[in-house]
Amino acid sequence: MTIRILVADERRLISETLAETLKQVRDFDVVETVNDSRQIVPAVLRVRPTVAVLGATTTGRDELHLADELRAAAPDCGIAVIAAEPSRAVLDRAVAGVFSVIPNHARLTHLVHAIRGIVAGCPTIDPSLLRPPSRNSRQLNDREREVLRLTAGGAPIKEIAAELYLSPGTVRNVTSSAIKKLEGRNRFDAARIANSRGWL
1 MTIRILVADE
11 RRLISETLAE
21 TLKQVRDFDV
31 VETVNDSRQI
41 VPAVLRVRPT
51 VAVLGATTTG
61 RDELHLADEL
71 RAAAPDCGIA
81 VIAAEPSRAV
91 LDRAVAGVFS
101 VIPNHARLTH
111 LVHAIRGIVA
121 GCPTIDPSLL
131 RPPSRNSRQL
141 NDREREVLRL
151 TAGGAPIKEI
161 AAELYLSPGT
171 VRNVTSSAIK
181 KLEGRNRFDA
191 ARIANSRGWL
């Protein structure tokens, strides 16, 4: 049986390289490549692949929302998500057997096996993604999460301070602590990182 595959990644070089590589696998047929996350669902409905391989997207839709949209539109299409740092929600959904998650540091053979597993009805997740955080990792406290949640919504420092009954200086200190823990470039980057990890 030939496995029809759609490859989606907003980085054209990555999607085309992955597509050409997967074409070399005996029973794989790459039927479409997509470089805009907004076009993934329409493309899947048009070409009806067996499996959609989803890489990086940059149009504001994370892996979970994209996979949910795809599942709703084409329930027969298997889904393999290639993720750098999947959120807890993505991992929980993968563990529940809804789709496969492949870390972007995995070998190509892992992706090939994952695609075959999806077709066989056995979505997989790389065990390395399920390891607990190391002792050196620093979790956000409740106050830092509140500040980053409001930051993610676009609130300025003064508005966050008023909302949480804090001084602007305290908000800056809390924000600085969160940025340091998450190794973010600024408060918005820290909020993005925390959100991608399912912490907000």
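If you read the sequence shown in full-length UniProt numbering, its first letter stands for residue 1, the second for the next number, and so on.
Every residue, glycine too, gets a C-beta built ideally from N, C-alpha and C.
Quantities reported herein were computed from a predicted structural model and do not represent experimental measurements.
{"Asked": "If you measure between the beta carbons of residue 5 and residue 30, is that distance less than 7 angstroms?", "Found": "yes"}
{"Asked": "Using 7 angstroms as the threshold, is the C-beta distance between residue 78 and residue 118 below it?", "Found": "yes"}
{"Asked": "Could you tell me which whole beta strand (DSSP E) segments of length 3 or greater appear in the UniProt domain \"Response regulatory\" (4-119)?", "Found": "28-34, 51-54, 78-83, 100-103"}
{"Asked": "Determine which residues share a DSSP beta bridge with residue 179 and list them.", "Found": "Residue 179 pairs with nothing; no bridge assigned."}
{"Asked": "Count the other CB atoms within 10 Å of the CB of residue 187; is the residue buried (16 or more) or exposed (fewer)?", "Found": "buried"}
{"Asked": "To which residues does DSSP link residue 125 through a beta bridge?", "Found": "101"}
{"Asked": "Buried or exposed: where does residue 55 fall if 16 or more other Cβ atoms within 10 Å of its Cβ makes it buried?", "Found": "buried"}
{"Asked": "Buried or exposed, going by whether 16 or more other CB atoms sit within 10 Å of the CB of residue 32?", "Found": "buried"}
{"Asked": "When the Cα atoms are used, what is the spatial distance from residue 144 to residue 3?", "Found": "46 angstroms"}
{"Asked": "On the DSSP letters alone, give me the boundaries of the alpha helix (DSSP H) that residue 164 sits inside.", "Found": "157-164"}
{"Asked": "How is residue 186 classed by DSSP in three states: helix, strand or coil?", "Found": "coil"}
{"Asked": "So the alpha helix (DSSP H) residue 200 belongs to, where does it begin and stop?", "Found": "Looking at the DSSP string, residue 200 is not in any alpha helix (DSSP H), and its letter there is neither H nor E."}
{"Asked": "Please report the Cβ distance between residue 10 and residue 27, rounded to the nearest whole angstrom; I am assuming they are in contact, meaning their Cβ atoms lie under 8 angstroms.", "Found": "Actually they do not touch by this definition, with Cβ atoms about 27 angstroms apart."}
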